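Q: Residue numbers (the working numbering): 24 to 300. All C-beta atoms in this analysis are idealised placements derived from N, C-alpha and C, irrespective of residue type, glycine included. Since this is a predicted model, take the numbers as computed values, not measurements. Supplied in structure tokens, the structure appears directly below.
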């Protein structure tokens with residue numbers, strides 16, 4: 024099977040062109056390929072294929088095989104893939120995802136895509152639709168207790184369920200200890216991505232993320248969007264800010280006119296390869 028390794032701010036996935044390859048069991052394939060010792064290594068796999076409702080379709084599976092509804096960093100790399108491989112000549116494309124159709128604007132330099140801006144849509148704040156079990160319509164700055172530690176969390180759905188908590192110093196956190204019990208907390212029926220945010224100023228946030236199904240990753244695009252929304256709701260940030268992640272920086276803009284969140288950042292090719300399945 025031919026594949027392409029790409030990353031968006033360090034969030035690396037294995038991309039498979041389903042115009043050429045037939046994938047019967049993407050869940051088990053993702054587990055096999057994502058292993059960084061016995062496979063290719065990645066945060067999961069992303070399948071690129073035809074769509075009857077958009078220009079292209081993206082299907083994403085996490086490293087544990089579970090299917091994700093949206094991937095902001097992955098969608099940017101899909102935009103780069105289809106343009107650089109001449110599957111399209113358009114610099115604005117639509118992409119079918121499990122969380123709806125997203126519009127991508129491609130920034131092209133010297134014939135290749137450098138950065139991509141993704142319209143991530145409106146944030147979902149209703150607790151029942153995130154989903155998160157709550158006694159209030161929205162889950163904003165509410166306590167979640169794990170092993171005698173209280174985390175004040177704000178929950179947002181940006182294609183995936185996210186729970187955002189603000190801390191004084193993200194660098195000192197031991198995410199491998201606190202990530203799993205938060206991700207799998209009983210208040211999250213579908214588990215959740217957990218974002219830990221340190222406020223630098225009202226235009227800059229520093230972030231680490233524990234992604235459901237993948238563990239700590241270098242970056243999470245939808246998580247960066249959820250982080251900005253949560254920061255605005257808690258009066259910590261303006262509607263447009265820079266997110267500093269382990270793998271790089273992302274720009275997020277929560278538009279005050281149409282309430283859509285826009286994610287901008289790089290998309291990088293790493294290598295092409297073949298693997299015997």
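Where does residue 242 land, buried or exposed, given buried means 16+ other C-beta within 10 angstroms?
A: Its Cβ being crowded by 16 or more others within 10 Å, residue 242 is buried.
Q: Given that a residue counts as buried once 16 or more other Cβ atoms are within 10 Å of its Cβ, and exposed if not, what is residue 251?
A: Burial call: buried.
Q: I'd like the list of long-range same chain contacts for residue 255, defined as Cβ closer than 7 Å, with 5 residues on each side in sequence excluded.
A: So the list reads 262 and 277, once near-sequence residues are dropped.
Q: Mind checking whether residue 286 and residue 273 have CB atoms under 8 Å apart?
A: Yes.
Q: Can you find the residues in the same chain that come closer than 6 Å, C-beta to C-beta, to residue 89, ignoring five residues on each side of it along the sequence?
A: Once the five neighbours on either side are set aside, the close Cβ partners of residue 89 are 236.
Q: So residue 39 and residue 28 are in contact, right, with Cβ under 8 Å, and what is the actual spacing, rounded?
A: Contact doesn't hold; Cβ gap of about 11 Å is too wide.
Q: For residue 246 versus residue 185, is the C-beta spacing smaller than 8 Å?
A: Closer than 8 Å, so yes.
Q: Buried or exposed: which applies to residue 53, given that a residue is buried once 16 or more other Cβ atoms fall within 10 Å of its Cβ?
A: Classification for residue 53: buried.
Q: If residue 284 sits next to residue 230, beta carbons under 8 Å apart, how far is it from one beta carbon to the other, in whole angstroms?
A: At roughly 15 Å, the Cβ-Cβ gap does not stay under 8 Å, so residue 284 and residue 230 are not in contact.
Q: Does DSSP classify residue 202 as helix, strand or coil?
A: Of the three classes helix, strand and coil, the one that applies to residue 202 here is helix, per DSSP.
Q: Considering Cα atoms alone, identify which of 217, 266, 200 and 183 is closest to residue 224.
A: When each option's Cα is compared against that of residue 224, the closest is 266.
Q: Quick one: using the 10 Å Cβ neighbour count with 16 as the cut-off for buried, is residue 75 buried or exposed?
A: So residue 75 counts as exposed.
Q: How far does the alpha helix (DSSP H) with residue 99 in it reach, from first residue to last?
A: Its alpha helix (DSSP H) spans residues 95-107.
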